[in-house]
Each structure stands twice: as C-alpha cells, then as structure tokens.
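Peer 1: As they're listed, the protein sequences go chains P and U.
Those letters in the first sequence? Residues 359 to 769, per our numbering, in order.
Those letters in the second sequence? Residues 1109 to 1464, per our numbering, in order.
Virtual Cβ for every residue (Gly too), placed ideally from N, Cα, C.
This one's a predicted model, so the numbers in the text were calculated from it and none came from an experiment.
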Amino acid sequence: MGCKTAATRPRSYRARWLCVPSVLGWLSLCERANAEPLRLRADATAETQAPTGLVVLQGSDNVRPWIATEGLVWAGARPYGSDATADVLVLSMRLRAPHGLGDLRVGRFVVATGAIRPLQLDGASALARAPWGGTVEAFGGVPVVPSFGARAYDWVAGGRVAQSVGSRLTMGASFVERRVHGEIADEEIGFDAATAPLPGIDIAARSAYDITSPGITDALISGAARKGDFRYELFAAHRSPSRLLPATSLFSVLGDFPSDLIGSTVRWQAAPRLDLLASAAGQAVGGAVGGNGWIRALLRTDDHVATSPSGSGSLGLEVHRQDVSSAQWTGIRGIATQPLSHHLRLSTEIEIAAPDAPRGRGIVWPWGLVALAWRSGTGWEAAGALEAASTPVHSFETNALLRVSRTLEFL
Amino acid sequence: MNVRSRIPARLTLLLLLCLLLSACAGVLGFKRASQTHPFEHRAHVLAGVACVTCHAGIATSGDHDPLHFPSKTDCVGCHTKPHDTHDCTACHGESHVRGSAELAREHLRFEHQKHMARVKGDCVRCHSEVAVAKPVALRPTMASCFGCHEHQDQWKVRDCNGCHEDLAAEETLPSSHLVHDSDFVREHGVRAAAAADLCASCHTERSCAACHGQNVPALPARLAFDTVKMSGLHRAGFKSRHSEEARAQPGLCSTCHSEDSCVQCHAASHITPGSATRSPHPPNWVSASRGGSEHGTQARIDPMSCASCHGGAGEQLCIGCHKVGGSGGSPHGRGFVSNKNKTHDVPCRSCHAVGL
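1) What residues of chain U sit near E535 of chain P, judged by a beta carbon separation below 8 Å?
2) Relative to chain U, which residues along the stretch 707-719 of chain P have a C-beta separation below 9 Å, given in chain order?
3) So, do the stretch 677-693 of chain P and the stretch 637-646 of chain P have three or more beta carbon pairs nearer to each other than 8 Å?
4) Give every residue of the same chain whose Cβ lies closer than 6 Å to the Cβ of G1201 of chain U, excluding the five residues on either side of it in the sequence, and list them in chain order.
5) Between G648 of chain P and G621 of chain P, what straight-line distance do the alpha-carbon atoms span, to the nearest angstrom?
6) Starting from the Cα of K1448 of chain U, find the closest Cα among P:S525, P:L608, P:G674 and give me that residue.
7) Measure from the C-beta of N1269 of chain U to each C-beta in chain P and report whether the shortest distance is under 8 Å.
8) Pairs of beta-carbons, one from the stretch 1326-1333 of chain U and one from the stretch 483-492 of chain P, closer than 8 Å: are there three or more?
9) Who are the near neighbours of L1125 of chain U in its chain, counting only those whose CB is closer than 7 Å to its CB and skipping five residues on each side?
10) Quick check: the Cα distance between A664 of chain P and G540 of chain P, rounded to an integer number of angstroms?
11) For P1174 of chain U, count neighbouring Cβ atoms within 10 angstroms of its own Cβ and tell me buried if that reaches 16, exposed if not.
12) Roughly how many angstroms separate the alpha carbons of L1216 of chain U and C1271 of chain U, rounded to a whole number?
13) Is the beta carbon of E495 of chain P less than 8 Å from the beta carbon of T471 of chain P?
14) Between the Cα of K585 of chain P and those of P:L730, P:L447, P:L556, spot the shortest distance and give me the residue it belongs to.
15) Roughly how many angstroms lie between the CA atoms of D614 of chain P and P572 of chain P, to the nearest whole one?
16) Is there contact between the stretch 615-635 of chain P and the stretch 590-605 of chain P, where contact requires at least three CB pairs shorter than 8 Å?
17) Within the same chain, show all residues whose beta-carbon is closer than 6 Å to that of A712 of chain P, passing over the 5 residues directly before and after it, in chain order.
18) If you run the structure through DSSP and keep just helix, strand and coil, what is S571 of chain P?
19) Taking only the alpha-carbon atoms, compute the straight-line gap between G674 of chain P and A488 of chain P and give it to the nearest angstrom.
20) So what does DSSP say about N1323 of chain U, is it helix, strand or coil?
21) Quick check on R390 of chain P: does DSSP put it in helix, strand or coil?
22) Taking DSSP as the reference, what is the three-state secondary structure of W1263 of chain U?
23) List the residues of chain P that D1173 of chain U touches, going by C-beta distances under 7 Å, in chain order.
24) For L459 of chain P, which residues from the same chain have a beta carbon less than 6 Å from its beta carbon, with the 5 sequence-adjacent residues on both sides left out?
25) Enumerate, from N- to C-terminal direction, the unbroken alpha helix (DSSP H) stretches of 4 or more residues contained entirely within the stretch 1386-1436 of chain U.
26) Please return the same chain residues whose Cβ sits closer than 6 Å to the Cβ of H1342 of chain U, not counting the five positions on each side in sequence.
27) Using a Cβ cut-off of 8 Å, which residues of the stretch 678-693 of chain P contact any Cβ in chain U, in chain order?
28) Taking only beta-carbon atoms, is Q407 of chain P less than 8 Å away from chain U?
29) Name the chain U residues that come within less than 8 Å of V468 of chain P, Cβ to Cβ?
30) Quick check: the Cα distance between G434 of chain P and T410 of chain P, rounded to an integer number of angstroms?
31) Going by beta carbon distance, what residues of the same chain come within less than 7 Å of S1369 of chain U, once the five residues before and after it are set aside?
32) For F1444 of chain U and L612 of chain P, what's the separation of their Cα atoms in angstroms?
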C-alpha cells in the first residue's frame, strides 16, 4: 500500500526555483512519493483474415512525481508468410520540474502542440512554464518511419511560445521545419488560441501558414456552448492539400485547391439515459459544393454510467449522409452492448453503407460484428468476435478475431 | 357522425401514447431502478442542524481517514421514532453520491481538516448543492476548487499532482473543465492546439501515438473490437467506404497517415493500376485529348491520394508528360507560388533543369 503525499502549496515561486536542486535530490532518495503504480499490459491478438498475429507490450511508471517512463513495443507476423516485423511505437521518459514549472521528454514520442500537426519523432522536447502564464516549448529530432526503415527525413525542429491571460484566454505562435536530403520539406508558422469568455462557452482555433509555398496550409475553428441538457458547436475547417504534402513532393506543385467545411453539431440529453445528436455541414471541395450530416441516438440501458462508464450497456443508431464532389453515400449504423454478467459483455455493431454511384463495387456494403468479452477481476481479459462484410472488392468476407490481454500493476 | 367516431380513436391514441411513455420512463431513465432518493440535506440545513452533527469527526479528518457517512444510529439520535425498521440509508441518500465520495477518497489528496480551517467551518462554501432542493452532485466541482488562488496557481502550471493521485487510474472525464462528447474525434485537434500540455495531464504518450504514430500496429478501434462505440474513427465498415471518406475531406488523412501509406495495402490486395480489373482509377483516367483528362482535376483536389501510391520514384510517371515542353503541359494550377529555387531544389529541378 502506497502512501499519499499531501499537496505542497505554492508560496513563492522564487523560493521554489531555489529549492529545485534540493527537492530533486530529496525525491530521488525517497522510496516512494505517491501511489501511482508501475503498469504493464500485454495484448495478443489474432485474426483469420490475412491471417495475422500481433503482440503488444506496454508499460508505464510514475512512481515518482518528477519522472515518468512509458513504452509500447509490438511484434506482428503472418503464419504463412515471411513478413514478421516488430517496432517501437513509444519509448519515452519525461522529467518534470516540481510544481509543473517545466518538463523534458526524450525518446520516441508524438509532438503535437499549437498549430504543429502531430509528428512522431526520435528526439527531445522541452517545455518551460512561467508563473505568469507564459510557456516556451522547443523540440527536435528525427521523424519516425515504419519498421525501422530508412530515414525519410533528415530532421525536424520547432517550437511554440504561448501566453495565458488568467484562465480565460491562451494564445500561441509556433514554428516547425522539416528537412529531407538537405531540402526543406516543411516550413510553417502557426497560430493558436483558446478562450472561454463566459461560463459554458469556449472557442478554440488554430492555423498554419506555409512559408515555402506561401499560403494557409490549414485553419480550424470550433466554438461550443453548453446550457442545461444542450451543447451546441459551430465549426469550420480550411485545408490546402498540396501544402500538407512535403514541399519535396512533386504533388505539392499542383496549386491551391483548398477544401472548406462549415457546420454545426447539437447534442441534447433528451432523457437521463437518452442522448440525441445531430450534425450538418456544408462543404466545398475543389469547385464542388455539397455537405454531410448525421443524426445519432444513444440510449444507455442502466444508470451506472455516472460511477462506472464501462459497466453500462447501451443501444445506438446513426443515419449518415455524405454528398460532395464524387463522395456520395448514405449509411445507417447500429450498436448494442450489454453486460451479461459481472465479467461477461456481449456487443454487436452493424453498418449498411450505400454509394450513390456503385461503379461495379456493389450496391450496398453491409458490415457486421458480434463480440463477446470476458474480464476477470485479476487483470486477465479475453475477447472474441466474428465479422462479416460485403466490400467493394469482395462480395463476401468473414473474419474471426481473438484477443487475450493481461494487465499487471505493481505498487 | 365522422367527428364522433374519431374522438374515441384520438383518445385511444393519446392513451396509448401515455402508456408508451410511462412504460418507457424506466428505460429512458426518468424513473430510476433504485428506490433510493436524494438525502434531504436542504431540510436539515433549514432546520439548523449543523453538518458535523451527522458527519461527526469530519472537521478533523485527514486523507486516510474513513468517510464520515452517518449510520442509522446517528439518525435515531434525533428521529427517535423511525417510520420503519429498515436501515435509513437503504432509501435516504443515493448510492452514486456515496460512490462519488469513495472515488474521491481513493483518487484525490484531500484533507477536510485543512479546509475546514480555511472556510471557518462553513461547509456550504464548497458543498453548495446541499442547500438546493434537488442537488445534482454533492461533491464539489473542480470549478469550486479553483475559487481559491492556490489551486488556480496549480492549474496554471498543470500541477495536477497537488490534488490528483493518479489521473490515468481515475478514468473519469473532466466534466467540469473539458468536454469529451459529441464529435470529439473531429474536435480534439483544434481544442488540443492551445492546451496540449493540459491533455498530457491525463493522456499518456500512447494516447496520441496510437493514432498519429507512423508505425502503429493496429488502430485502437481495431484492437478494442469488442468495445463498440457510436463515435470514433475508422469504425465499422470503414474499409469499404474509406475512398469515399478520403474524397470528402481531402488532406484530412494526412493528419495521421504518411504520404505513402496507402500503397502497401493496395499492393497486397492487388489493387494497382497495373491490374486492369482492379485498378483504383475509373476508365479514361488519363486521356491524351485536351481537357478530357480526369486525373488532373482529381490530383489538384486531393494530391495526397496520388502521392499515396505514386510518391517518390513513382513521380517519374508524371514527369514523363508534365515536364517543361512535355505533352502534358504545366501541372501548376491556380495559386501556385513557391520560394524554392526551380533549377536547384527538389522537386522543381525534375522539370526545370538548367536550360529548360
């Protein structure tokens, strides 16, 4: 049983900085500083389609508040082929200054900050926070390529500076540059902002500007308001696909043909167990104008959601319509999940999608899955599923999936 | 005659509707399965009963002390003639309130002893819901914690460990300051932009890498095939409709996938231009006639799709026709500008070699 550490209340930031070396030294001598355990999880999955097998091992350790380590490695194989492979998804260590005034990450991880789109890299990232709400972040490393392959890029580096004004507003500016064979593949500046001007209302936005081929790479904004049982969201997005590609790609020279999206989503908790959601958006893709929309209902079958989200059953139904450019289809999807006992859960999911223009790919694409999962109280889990579908490529496909998992925690 | 005959029909319909709604009241959650009801805190407050009369010892309780829920013995101290012999808490007080307090004791660092001195014994300052007729939650929200400066300071520097023991283990959504509902898969990118460090206070590196990693073994939805959800990316029959989805939002796929991510799967499935029956391109994709070629239009709308198969060495396929002086003409569309040196830098020099 681990002990708890009472929160240390900040008194003086100057004194705190002076205490950093001594605190770090003291913590390193501590047997244990809080109750966070070492967690390990192993998953073994297999499916008959392909067929493939996969083993995923992951672990994390937060035994001391100033250091966290995390790793996920996997190995996969096809029994009848020779393409066995393995890779490291995450292997990182995070050092945290006391009271969150800064942290340092090293290893393999994903950087996603400000208007910089997510980048998986082998490298380092450092962040410093000032007590008055300022933040400075810098990162650098080599972008990851799958299966320990040859490096696709030489290096990537960037950073972000941001300033918060109270708890109402945060604004930031970022920069990123990526090189391949000495050439600039990406060079962007970005801006981001998030504000909560009134209780229940929040707005977030970000935009990246391509310096190599001057113009807006992408811009996103989302504003949401919550009142009672309703939540309203307005959103808009602008993307210039040719600028999203590395500037070293021949396809980046095709010009600026952006796609735009503007829409709204509404969620209404119509009854204590019933959520209704609807979304509609207008789109412009190239020269074509269209839109998409969906309506969704989710009914929980018990009241356990407040204390145990994973312990409840639910029924869901969604109708979806997409109609823009050459992407035109209608779909309906349903889910049902219900605990059969304390340890067993039955789930099923069905979808029927119908393209407006089949073009020899089938009139409808039905898909269905039935799964049974078992969870012990000792960290063991097992799940099996049968999947069947009619796809544009095959008129009938079946697949069986199996997963066995083991979770361990060491205090 | 007709009007008279319709009245019973309408009444019957109305009656049926009422019956249906009342039958569904339990299903929809209007009528709780549990027979318990909220404890009458407000009545006790109005009657002038001090909190510590029932919650004895709470004023001096520490982080490890047991919860101070009153027992039947505490109740009968005042209610000397109970209306039945059952345990009072079997009906008075909802189980989720007790559950919420137990979760707080397990996952939060909190000592009533310290807080009581700060608020001078005024419990309602934090537990404001005890004074309302129909309380939603008796446990104070994070917003009320932020009413004090020291917690605001902790929040600014993302010092969650001050109160939370292990956020990952809590597995509770931060309902008071962040919302993870509706279409959060679409929303999360823009919302995380200015608050990535806030996201990191709960989410581990694996949370991001599970989708955005270049070498993910399988997407989370595929690994957790037994957890069916209404929201989520790549759910259900996504494999069938992925080309429609990609065409609907050009460039979106590149948020996670590299520019050559499609080629491996398509090659394994023999869906390549070299295979006449299973080419991903429609007939007359490339035409020699002026203005009659579809591939140029589609390439401008979504160059990522082209690059996913024809990137790298495959670009030579384009250059064969679109080089300077070639039969395909200039590939540069509207709005094309570049700061690159066209005779020196990649990819410009592929077509604009010195002398061309």
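Peer 2: The relevant details are as follows:
1) Position 177 of the first sequence, counting from 1, holds the residue named residue 535 of chain P. Residues of chain U whose Cβ lies closer than 8 Å to the Cβ of E535 of chain P do not exist; the shortest such Cβ separation is about 13 Å.
2) E707, I708, E709, I710, A711, P713, R717, R719
3) Counting Cβ pairs under 8 Å, three or more are found: they touch.
4) Along the second sequence, read from residue 1 onward, the residue named residue 1201 of chain U stands at position 93. F1147, listed in sequence order.
5) Residue mapping note: residue 648 of chain P aligns to position 290 of the first sequence, counting from 1. Residue mapping note: residue 621 of chain P aligns to position 263 of the first sequence, counting from 1. Approximately 12 Å between the Cα atoms of the pair.
6) Along the second sequence, one-based indexing puts residue 1448 of chain U at 340. Of the candidates P:S525, P:L608, P:G674, the one whose C-alpha sits nearest the C-alpha of K1448 of chain U is P:L608.
7) Your numbering for residue 1269 of chain U matches position 161 in the second sequence. Chain P contact via Cβ: present.
8) Short answer: they don't touch.
9) Position 17 of the second sequence, counted from the start, is the residue given in the question as residue 1125 of chain U. The answer is none, since no qualifying residue turns up.
10) One-based indexing of the first sequence puts residue 664 of chain P at position 306. One-based indexing of the first sequence puts residue 540 of chain P at position 182. Unreliable positioning characterises A664 of chain P in this predicted model, as indicated by a pLDDT of 47, which lies under 50. The coordinate reading is nonetheless provided below. Going by the C-alpha atoms only, they are around 54 Å apart.
11) Position 66 of the second sequence holds residue 1174 of chain U. That one is exposed.
12) Stepping through the second sequence from its first residue, residue 1216 of chain U is reached at position 108. Stepping through the second sequence from its first residue, residue 1271 of chain U is reached at position 163. Going by the C-alpha atoms only, they are around 5 Å apart.
13) One-based indexing of the first sequence puts residue 495 of chain P at position 137. One-based indexing of the first sequence puts residue 471 of chain P at position 113. Yes, they are a contact pair.
14) Start at 1 with the first residue of the first sequence, and residue 585 of chain P comes out as number 227. With distances taken between Cα atoms, K585 of chain P lies closest to P:L556.
15) If you number the first sequence from 1, residue 614 of chain P lands on position 256. If you number the first sequence from 1, residue 572 of chain P lands on position 214. Cα to Cα, the separation comes out at about 10 Å.
16) yes
17) Against the first sequence, residue 712 of chain P aligns to sequence position 354. The residues are T688, V722.
18) Reading the first sequence from its first residue, position 213 is the one you call residue 571 of chain P. DSSP places S571 of chain P in coil when its eight states are reduced to three.
19) Mapped onto the first sequence, residue 674 of chain P falls at position 316. Mapped onto the first sequence, residue 488 of chain P falls at position 130. Distance between the alpha carbons of G674 of chain P and A488 of chain P: 46 Å.
20) By 1-based counting over the second sequence, the position of residue 1323 of chain U is 215. N1323 of chain U falls in the coil class under three-state DSSP.
21) Here residue 390 of chain P refers to the residue found at position 32 of the first sequence. Low confidence applies to R390 of chain P: its pLDDT is 40, below 50, so where it sits in the model is not reliable, and the reading given next is rough at best. Three-state DSSP puts R390 of chain P in coil, outside helix and strand.
22) In the second sequence, the residue the question calls residue 1263 of chain U occupies position 155. Helix at W1263 of chain U.
23) In the second sequence, residue 1173 of chain U corresponds to position 65, counting from 1. In chain order: nothing, as chain P lies at least about 12 Å away.
24) Mapped onto the first sequence, residue 459 of chain P falls at position 101. So the qualifying residues of the chain are R487.
25) 1402-1409, 1411-1418, 1424-1430
26) Taking the first residue of the second sequence as position 1, residue 1342 of chain U is located at position 234. Once the five neighbours on either side are set aside, the close Cβ partners of H1342 of chain U are L1327, A1329.
27) Q680, V682, S683, S684, A685, Q686, W687, G689, R691, I693
28) The residue labelled residue 407 of chain P in the question sits at position 49 within the first sequence. So, not an interface residue.
29) The residue labelled residue 468 of chain P in the question sits at position 110 within the first sequence. Here the neighbours are E1313, C1316, A1317, H1320, G1321.
30) Here the question's residue 434 of chain P lines up with position 76 in the first sequence. Here the question's residue 410 of chain P lines up with position 52 in the first sequence. Cα-Cα distance, rounded: 7 Å.
31) As a first step, residue 1369 of chain U must be located in the second sequence, where it is residue number 261. The residues are S1416.
32) Start at 1 with the first residue of the second sequence, and residue 1444 of chain U comes out as number 336. Start at 1 with the first residue of the first sequence, and residue 612 of chain P comes out as number 254. Cα-Cα distance, rounded: 7 Å.
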